[in-house]
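**Student:**
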Amino acid sequence: MRATFRNLYNELNMAAFVRNRHDHAVSVIRWALILVPMAALVGTLCAAFLWSLDAVTRSRFALPWLLYLLPLGGFMVGLLYHLTGRSVEGGNNLIVEQIHEPGAGVPLRMAPLIFFGTVVTHLFGGSAGREGTAVQLGGSLASGIGRALKLDANGTRILLMGGIAAGFGAVFGTPIAGAVFALEVLAIGRVEYRALVPCLLAALVGDWTCLAWGIHHGVYRVDAMVPVDALLVAKAAIAGVAFGLVGLAFAEANHALGGWLKRIVPYEPLRPVIGGITVIALVYLFGTRDYLGLGTLAATPNGLTIASFFGPDTHPWSWAVKLLFTVVTLSAGFKGGEVTPLFFIGAALGNALAPIFGVPTGVFAAIGFVALFAGAANTPLACTFMGIELFGAAYAVPIAVACFVAYLCSGHNGIYLSQRLAVPKVPANGLSPNVTLREARAHRAARRPHP
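Just so we're aligned, residue 4 is where the sequence shown starts under the numbering used here, counting upward by one.
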């Protein structure tokens, strides 16, 4: 009997099993002790950031003349980055690059620079978002902690992804989407499952911390209920084509105009001046200030916000006007992000398409809210989870279908040029494996016939 037990013990290698479980438990505790404080700090900064955005937006409503200082504010931010922030000018793309190929890391000064730059942008009326700031806050702090702890390359990658997840989850109140976004945004067609649990932990802690500070996120309600049948799913798929193409147009317009401004205005601080003057001109051209800022609050009771597109009224061209305002703002060098304006554009486009498809405006506004972002950022999984977190599971199927169709229709383009092309959406001749979207874009430009 004793010999039989000894043979079984040797076959199962219980000592190695216990040792492996011990090492695994130690690793889990070690990462928890790193990730939880880091994510809590990111959540705290995001809470301060969201409070600041709300305060400066309401100040702009109370003092309309602040809009005329937008060129001056842009020059001030541009000069600050020119003098002290050239190494962090890449923003989100710099963080993605550091995750792919850890090097010098993300400078810690990225956090205060992007915080200040985004607040100034919104104080004076630039049409920008907030996810870029949250991601850069998370990435900058994570990189600084990684350097302090002397983590190796793999540890630094995981910590940076956790920082992205914490920032994204906290700023939108969608921790599952934040975790998946951090895993999915790095490469088209590949998800980094190795960091799944760290990213989920970081996103949850970041979101909980932000909520603990009393920050409340916008609530968008889909009041109309329609049966989720094959016809609705087919309509969502067709609309997904439009969402993907508009997402593609947004990304390409932003890159093209930004590149053109860099060529004609080599001195960086002057580009936001030109952008600020153009935004003021657009306000007078369209006769409204509804397309300034995030688009989550309005200066007047009848002003347009993202929530407006969930109501019964139809706004056929609001998506195009917001796209124009945002492209001018971001390509000129103002700070912030693309995602909240993309939510506005997507919800507005869904609102405009709803009567054509015979669907309640709120349903298509909800689908467009996330699907257009899915196409522009190449993150269909994260956007599907975001749709479920924000709008519930009732429309999970049409949301998922629209997100994945938009992803396919946006091609090998996107708002984050440092994304890698791991699995091409369609056969891509002449592109090497894991090429960045920036290199893919240059490759397409080189192949175009020149007059």
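Just so it is clear, CB atoms sit at the ideal spot from N, CA and C, and this is done for glycine as well.
Quantities reported herein were computed from a predicted structural model and do not represent experimental measurements.
1. Should the region 138-157 be regarded as contacting the region 364-383, the criterion being three or more beta carbon pairs within less than 8 Å?
2. Can you name, in chain order, every residue of its own chain whose Cβ lies under 7 Å from the Cβ of L248, other than the five neighbours on each side?
3. Once the 5 residues before and after A379 are set aside, which same chain residues still bring their CB inside 8 Å of it?
4. Expressed to the nearest angstrom, what Euclidean distance is found between the alpha-carbon atoms of T308 and G129?
5. Around the Cβ of V276, are there at least 16 other Cβ atoms within 10 angstroms (buried) or fewer (exposed)?
6. Please state whether the Cβ-Cβ distance between F313 and Y223 is less than 8 Å.
7. Given W216, which residues of its chain have a CB within under 6 Å of its CB, disregarding the five upstream and five downstream residues?
8. Going by DSSP, what residues sit across from I191 in a beta bridge?
9. Measuring alpha carbon to alpha carbon, tell me which residue in K325, A409, I98, L38 is nearest T291.
10. So is N157 buried or exposed if we call it buried at 16+ other beta carbons inside 10 Å?
11. For a cutoff of 8 Å on Cβ pairs, would you count V122 as touching chain C?
12. Please state the DSSP three-state secondary structure of L11.
13. Determine whether the beta carbon atoms of T212 and A43 lie at a separation below 8 Å.
14. Using a threshold of 8 Å, state whether the C-beta atoms of I191 and R423 are closer than that.
15. Identify, in the order they occur along the chain, each residue of the same chain with its Cβ nearer than 6 Å to the Cβ of L38, setting aside the five sequence neighbours on each side.
16. Return the chain-ordered ranges of every alpha helix (DSSP H) run that is complete within the region 52-138 and spans a minimum of 4 residues.
17. Short of 6 Å in beta carbon distance, which residues of its chain neighbour V268, apart from the five on each side in sequence? Order them along the chain.
18. Across which residues does DSSP place T439 in a beta bridge pair?
19. Could you tell me which of G298, L97, F119, A310 sits nearest to G142, measuring between CA atoms?
20. Going by CA-CA distance only, name the one from V330, V45, T124 that's closest to I167.
21. P319 and A355 look like a contact to me (Cβ under 8 Å); what is the Cβ gap, rounded to whole Å?
22. Check the C-beta distance from T343 over to G390 and give it rounded, since I have them as a contact under 8 Å.
23. Can you say whether N437 is buried or exposed, counting buried as having 16 or more other CB atoms within 10 angstroms of its CB?
24. Can you tell me whether R238 is helix, strand or coil according to DSSP?
25. For L163, which of V138, A145, V244, L420 has the nearest alpha-carbon?
26. Straight-line CA distance for K238 to V426?
27. Could you check what DSSP says for D210 in three-state terms: helix, strand or coil?
28. Decide if the region 73-90 is in contact with the region 118-128; the criterion is three or more beta carbon pairs, one per stretch, under 8 Å apart.
29. Any idea if I370 is buried or exposed, counting beta-carbon neighbours within 10 angstroms, 16 or more meaning buried?
30. Give the secondary structure of V31 by DSSP, where H, G and I count as helix, E and B as strand, and everything else as coil.
31. Just to confirm, is the Cβ distance from I491 to L327 under 8 Å?
32. Less than 8 Å between the CB atoms is what I'm expecting for F246 and A403, so what's the real figure, rounded?
33. With a threshold of 8 Å on Cβ separation, who are the neighbours of W68 within its own chain once the five nearest residues in sequence on each side are excluded?
34. Compute the beta-carbon to beta-carbon distance between L440 and H415, rounded to the nearest angstrom, for a pair I have assumed lies under 8 Å.
35. How many Å lie between I32 and Q139 at the Cα?
36. Please list, in chain order, all residues of the same chain as S30 whose beta carbon is under 8 Å from its beta carbon, the five residues on each side excluded.
**Tutor:** Walking through what the data contain:
1. Touching, no.
2. Within its own chain, the residues whose Cβ lies closer than 7 Å to the Cβ of L248, once the five positions on either side in sequence are excluded, are C412, listed in chain order.
3. Only G250, L251, F253, A254, E341, L345, S413, G417, I418 meet the Cβ criterion.
4. Between T308 and G129, the C-alpha separation is close to 15 Å.
5. With a 10 Å radius around the Cβ and a threshold of 16 neighbouring Cβ atoms, V276 comes out buried.
6. Remark: C-beta atoms of F313 and Y223 approach each other more closely than 8 Å.
7. Excluding sequence neighbours, W216 sits near A50.
8. By DSSP's assignment, I191 forms a beta bridge with L424.
9. Taking only the C-alpha atoms, the option nearest T291 is K325.
10. A residue is called buried when at least 16 other Cβ atoms come within 10 angstroms of its Cβ; N157 does not meet this threshold and is exposed.
11. Reference to chain C is not applicable here, since this structure consists of a single protein chain.
12. In this prediction, L11 scores a pLDDT of 46, lower than 50, which makes its location untrustworthy; the coordinate-derived value is nonetheless stated afterwards. In the three-state reduction of the DSSP assignment, L11 falls in the helix class, which pools H, G and I.
13. In this structure, A43 lies closer than 8 Å to T212 by Cβ.
14. The Cβ atoms of I191 and R423 sit closer than 8 Å to each other.
15. Same-chain partners within the cutoff: G165, P201, L204, A205.
16. Runs of the alpha helix (DSSP H) inside the region 52-138: 73-87, 95-103, 113-127.
17. These residues qualify, in order along the chain: R274.
18. In the DSSP output, where bridge partners are listed per residue, T439 has R423.
19. Ranking G298, L97, F119, A310 by Cα distance to G142 puts L97 first.
20. The option with the nearest alpha carbon to I167 is V45.
21. Approximately 5 Å separates the beta-carbon atoms of P319 and A355; this is inside 8 Å, confirming the contact.
22. Contact annotation, T343 with G390: C-beta distance approximately 15 Å; criterion of less than 8 Å not satisfied.
23. The residue in question, N437, is exposed, as its Cβ has fewer than 16 Cβ neighbours within 10 Å.
24. As written in the sequence, residue 238 is Lys, which differs from the Arg given in the question. Annotated three-state conformation of K238 is helix, per DSSP.
25. Among V138, A145, V244, L420, the Cα nearest to that of L163 belongs to A145.
26. About 27 Å.
27. D210 falls in the helix class under three-state DSSP.
28. Output reads yes: the region 118-128 touches the region 73-90.
29. A residue is called buried once 16 or more other Cβ atoms fall within 10 Å of its Cβ, and I370 is buried on that count.
30. When DSSP states are grouped into helix, strand and coil, V31 belongs to the helix group.
31. Since the first residue shown for the chain is 4 and the last is 454, residue 491 is missing from the structure and cannot be characterised.
32. At roughly 13 Å, the Cβ-Cβ gap does not stay under 8 Å, so F246 and A403 are not in contact.
33. Cβ neighbours of W68 within its own chain (closer than 8 Å, five residues either side excluded): none.
34. With a Cβ gap of about 6 Å, L440 and H415 count as contacting.
35. Distance between the alpha carbons of I32 and Q139 is about 26 Å.
36. Nothing listed; no residue qualifies.
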